[in-house]
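Chains as they are written, first to last, in the numbering used here: chain G, 1 to 259; chain H, 1 to 362; chain Z, 1 to 280. Every residue, glycine too, gets a C-beta built ideally from N, C-alpha and C. All values derive from a computational prediction rather than experimental measurement. Below is one structure; the comments refer to it alone.
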C-alpha cells in the first residue's frame with residue numbers, strides 16, 4: 001500500500017509536469033531545426049531561424065516597442081497606485097471604500113472589454129491608434145493591481161515609522177520619499193515587476209489600439225497567420241529565455257534577500 | 001525651532017491647560033491640567049484606557065485635542081504638527097527605520113534640520129557613545145537586541161536636543177530583568193542630559209523608580225500628582241491608594257472632631273486619627289501593607305482579630321491576606337517579616353499606627 | 001485619530017490622479033460602450049435592436065452557450081488536476097525542494113500568452129507531435145483532428161489554469177497551520193479523514209477564489225479559442241472581435257460585451273457566498 005501510493009503520487013506529479021512542459025519543450029526543440037516546418041521528425045540543431053528572427057526589423061522594432069510600453073506604463077501605474085494607496089491608508093477620506101472599489105474595478109473586467117471601450121472613446125475623440133493609446137490601456141489594467149498590492153502592505157508598523165519621521169522634523173514629502181517608499185520597496189518592486197509582465201504579454205488591447213507601430217505579441221500574432229512557422233518558434237523561445245533569466249535574477253537578487 | 005529658546009519665560013516648561021479629547025463619543029481626556037518643570041522626570045501612570053497615552057500623543061502633536069491648550073516654554077503649540085514641536089518621542093516599538101543604518105537612524109532628525117553631514121556624523125557619534133553603542137553606527141536595526149534598539153531610539157530622540165522627551169511605554173517590550181536595568185539607565189541618562197522626560201507607563205514600580213513627579217491618571221482625569229514618595233505614602237484618592245501599590249481599605253463615617261483630630265467609625269471599630277472633616281461624612285481609611293503589624297508598637301492601635309486566608313512568600317517578607325472577624329467583607333493586606341511563623345487558618349490580632357493611615361473622601 | 005498635518009488638500013492630491021485615470025479611461029469608455037449598445041449601427045438612433053438580435057439569432061446565442069460550456073469544463077478540470085498536484089508539492093515534496101518544485105511547475109508561465117497557445121498548436125496539429133507519435137506507433141491509422149476543435153481550446157486553457165491554480169492552492173495549503181493537522185490526528189483521525197474534515201474544508205474558500213478567477217479570465221479570453229479552436233465554433237470573445245474587426249459594428253459588439261459582463265456578474269453573485277469567507 002505504502003509503495004503503491006508512492007508510485008501513484010510520483011506518476012501523477014510527473015504526468016502533470018509532463019503536461020505543463022510539453023508545449024514549451026516542443027516549441028524550443030523545433031525552433032532549433034533548419035527545415036521550414038517546425039514539426040517532427042527533428043532534423044538536427046540549427047540556429048538558422050534565430051538569425052532570421054534577430055535580423056527581422058519588424059520583429060525587433062516590435063520588441064523594442066513592447067519593452068518601452070511595458071516600462072513606461074508600469075512606472076506610471078505604480079506611481080499612481082502608490083500615491084493613491086498612501087492617501088487612502090494614511091488619511092480619512094469620505095467615501096473611501098467606494099473610491100477604493102472604483103480604482104480596483106477594472107480588475108473584474110476582461111481586457112477585451114477594456115480595450116473595446118477605449119477604442120470607442122478614442123474614435124469619438126479623434127485619438128489615433130498608437131503605442132501611447134495601448135500604453136494608456138495597460139495603465140488601466142495595471143493600476144488596480146499595483147494599488148491593491150501596495151495598499152495591502154501598508155500596515156500599522158509603517159504608520160509608527162512615519163510618525164517617528166514626522167516627530168523628528170520631516171515634512172510630508174520627506175516622510176514619503178525617505179521612509180514610506182524605502183520601507184514599502186518590496187511591495188512597490190513586486191507590483192512594478194508584475195505590471196511589467198502583464199503589459200509585456202498583453203495582446204488584445206495592443207491589438208485593438210495600435211496600427212503600424214505595434215508590440216511584440218501583436219507582431220507574433222501576425223506571424224501566426226502563416227500557420228506553423230519556425231520563425232514563431234524562434235521568437236517565442238527567445239521571449240521565453242529572456243523571461244526566465246529575468247525571473248531567476250529576480251529570485252536571486254530580490255526574494256533571497258527578503259528571506 | 002528646537003534649539004534652546006531664551007529662557008526669559010520663567011515658570012513651567014510645559015503647561016497643559018484644561019485639555020479634553022473625545023474619540024467619537026468616548027471621552028479620553030477630561031479637563032486635564034498639568035505643569036512640567038524643566039529638568040524633571042515626569043511619569044504618567046495609569047491603567048490602559050486612563051488617557052495617559054492620549055495625553056502624551058497630544059503633547060507630541062500626533063493628536064489635536066478637542067479642547068484645551070499645550071504651551072511649551074510659554075508658546076502655544078496646540079495646533080503645531082509634530083515636526084514643528086520642540087518635542088521628540090521614543091515609541092513603544094522604537095520605530096527604528098529598518099532600511100537605514102543605526103547611524104542614519106540617529107542622524108535622521110539632524111538631517112531634517114539641515115545639519116551638514118560632517119557635523120551630523122560627529123553628533124551622531126556622541127549620541128551613540130552616550131548610550132553605550134558607539135560601535136553600532138554601521139549596523140542595522142534588525143542586528144540589535146531589544147535593549148540596544150531601545151537605546152538607539154533614545155539616542156535618536158535626544159540628539160536633536162528637544163525641550164521635552166516623550167517616552168511611550170518605552171520598557172514595555174523588554175523582559176523583566178532588562179526592564180529594571182534599563183530603568184536605572186534611563187534615570188541616570190536623564191540626570192546627565194538634564195532634558196525633561198515625560199514617560200508613560202502602567203507599571204507602578206517603574207513609576208516609583210523613575211519619577212520626580214508622578215502623575216496618576218484614571219478615566220481621563222488626573223487622580224493625583226506629586227513626588228512619587230508622597231503619592232505612594234499619602235495617596236490623595238481611593239484609586240491611587242489601590243493602583244499605586246496595594247492598600248487595605250476601611251470604609252467608615254466621621255463621628256466627631258477633636259483638636260486636629262477626628263474619630264472615624266469603621267466596621268472594625270472606632271479609630272482616631274489626625275485630619276479634618278465634617279461629622280457624618282463617608283470616608284475611607286487606606287493602610288499600606290507594610291504599616292500593618294502583628295504586635296503593638298508605639299502609638300499603634302488594634303484593628304481587631306482576623307483569620308489568615310493566604311500567605312505568599314516574597315523573599316524577606318510574606319504577603320499575608322487576613323479576613324476581619326468583625327466584618328468579613330474587609331480583607332487586610334499585610335507585609336510581614338518572613339521570620340514570623342504563620343499558617344493559613346491562624347487567628348491573629350493586627351495593629352496599625354493612626355499616623356500611617358490615610359483619610360480619603362469617597 | 002487624525003494624522004493629516006498638511007491640511008485637507010494633500011490626501012486629495014494623492015488619490016485624485018488614480019481616480020481621474022480610472023474615471024477617464026475606464027468609467028467613461030464603459031459608459032460610452034453602454035450607450036452605444038442601445039444605438040443603431042447605421043444611423044445611431046436609439047434601439048434595443050442589438051440585444052434583440054442576440055436573443056433572436058441562434059448563432060449568437062450559441063456562442064454564449066459554447067463559452068459557458070467551455071469555461072465551466074475548463075474550471076472543473078483545472079481544479080481537479082491542480083488540487084492533487086498542489087497537495088503533492090506542499091505535503092509530499094521535502095520542504096527544501098518545494099520552492100524549486102513550484103518554480104518548475106509554473107515556469108511556462110513566463111512564455112508569452114500568444115506563444116503558449118501557438119505551442120499547443122504545434123503539439124496538436126495534423127502533423128504535430130501527438131499525431132506523429134500516435135500514427136508512428138500504430139495506435140491510430142489516420143491523424144486525429146484535434147487542433148481547431150473545442151478539445152484543443154480546452155487543453156490550452158487547462159494548461160494555463162492548472163499552473164495558476166497550483167500556485168494559489170499551494171499558497172493556501174502552506175498557510176494552514178500544521179497544528180490543525182496534528183490536532184486532528186491527535187484526536188484519532190486517519191490521513192483520509194484529516195483531509196476530508198480538516199484540510200479540504202479549510203482550503204475550500206481558496207479553491208473557490210481560484211475557480212472564480214479561472215472562470216472570469218477564461219470566459220473573457222480571445223487568444224486561446226481563436227488560435228486553438230479556430231472558427232469552427234465561436235465563443236463570445238471571438239464573436240465580439242468579429243463584430244469589431246470584420247464589420248465595424250461597435251453597437252452590436254458593445255451589446256455582446258455587456259451581456260458577457262452580466263454573465264460574469266451573475267457568476268460572481270453565485271460565488272460571492274464563498275468568496276466572502278475568504279475576506280473574513
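- Following the DSSP letters along the chain, one finds residue 177 of chain G in no beta strand (DSSP E), marked with neither H nor E.
- Taking 9 Å as the cut-off, the Cβ atoms of residue 24 of chain G and residue 198 of chain G do not count as close.
- Shown here, residue 51 of chain G sits in a helix according to DSSP, grouped into three states.
- With a threshold of 9 Å between beta carbons, residue 197 of chain Z makes no contact with chain G.
- Per the DSSP secondary-structure output, residue 199 of chain H pairs in a beta bridge with H:43, H:167.
- With a threshold of 16 other beta carbon atoms within 10 Å, residue 205 of chain H falls short and is exposed.
- If you look at residue 242 of chain G, you'll find it in the alpha helix (DSSP H) that goes 230-250.
- Restricting attention to Z:173, Z:151, Z:192, Z:178, the CA atom closest to the CA of residue 203 of chain Z is found in Z:173.
- Chain-ordered, the chain G residues with CB closer than 7 Å to the CB of residue 99 of chain H read 182, 183.
- The alpha helix (DSSP H) runs lying completely inside the stretch 178-261 of chain H and spanning 4 residues or more are 204-210, 228-233, 238-243, given in chain order.
- Residue 324 of chain H is positioned such that its CB atom lies no closer than 9 Å to that of residue 297 of chain H.
- Within the stretch 25-45 of chain Z, contact with chain G at the beta-carbon level (separation under 7 Å) is assigned to 25, 26, 28, 29, 30, 32, 33, 36.
- The Cβ atoms of residue 220 of chain Z and residue 264 of chain Z sit closer than 9 Å to each other.
- In this structure, the CA atom of residue 209 of chain H is about 20 Å from the CA atom of residue 131 of chain H.
- Residue 239 of chain H and residue 102 of chain H have their C-alpha atoms some 42 Å from each other.
- Burial state of residue 94 of chain Z is exposed, judged by a 10 Å Cβ sphere holding fewer than 16 other Cβ atoms.
- Distance from residue 320 of chain H to residue 342 of chain H at the Cβ level is roughly 7 Å; contact confirmed, criterion being Cβ atoms closer than 8 Å.
- Chain G places a beta carbon closer than 9 Å to that of residue 216 of chain Z, counting this residue as a contact.
- Distance from the Cα of residue 261 of chain H is smallest, within the candidate group H:354, H:151, H:288, for H:354.
- The secondary-structure analysis by DSSP pairs residue 274 of chain H across a beta bridge with H:261.
- Cβ proximity to chain G below 9 Å picks out 60, 61, 62, 81, 82, 83, 84, 85 from the stretch 59-85 of chain H.
- Counting along the chain, residue 334 of chain H sits inside the beta strand (DSSP E) bounded by residues 331-337.
- CA-to-CA, the gap between residue 317 of chain H and residue 217 of chain H works out to about 30 Å.
- Listed in chain order, the positions of the stretch 131-150 of chain G with a beta carbon within less than 9 Å of a beta carbon of chain Z are 136, 137, 139, 140, 143, 144, 147.
- Taking C-beta atoms as the reference points, residue 40 of chain H and residue 291 of chain H fail to come closer than 9 Å.
- Pairwise C-beta distances place the stretch 25-42 of chain G in contact with the stretch 111-124 of chain Z, as three or more of them are shorter than 8 Å.
- DSSP, reduced to helix, strand and coil, places residue 322 of chain H within a strand of the structure shown.
- Contact annotation for residue 112 of chain H against chain G: 168, 169, 170, 174 [CB-CB distance below 7 Å, chain order].
- For residue 190 of chain G, no chain H residue has a Cβ inside 9 Å of its Cβ, as the nearest lies near 16 Å away.
- Chain order gives no chain G residues near residue 170 of chain Z, where near means a beta carbon separation below 8 Å; the closest approach is about 13 Å.
- Distance from the CA atom of residue 151 of chain H to the CA atom of residue 32 of chain H, rounded to whole angstroms, is 31 Å.
- Under the three-state reduction of DSSP, residue 104 of chain H is assigned to helix.
- A direct Cα-to-Cα measurement between residue 155 of chain G and residue 22 of chain G gives close to 43 Å.
- Under the Cβ distance rule, residue 233 of chain G counts among the residues neighbouring chain Z, one pair being separated by less than 9 Å.
- One finds 97 in chain H with Cβ atoms closer than 7 Å to the Cβ of residue 179 of chain G, taken in chain order.
- Listed by position along chain G, the residues whose Cβ is nearer than 8 Å to that of residue 85 of chain Z are 12, 13, 16.
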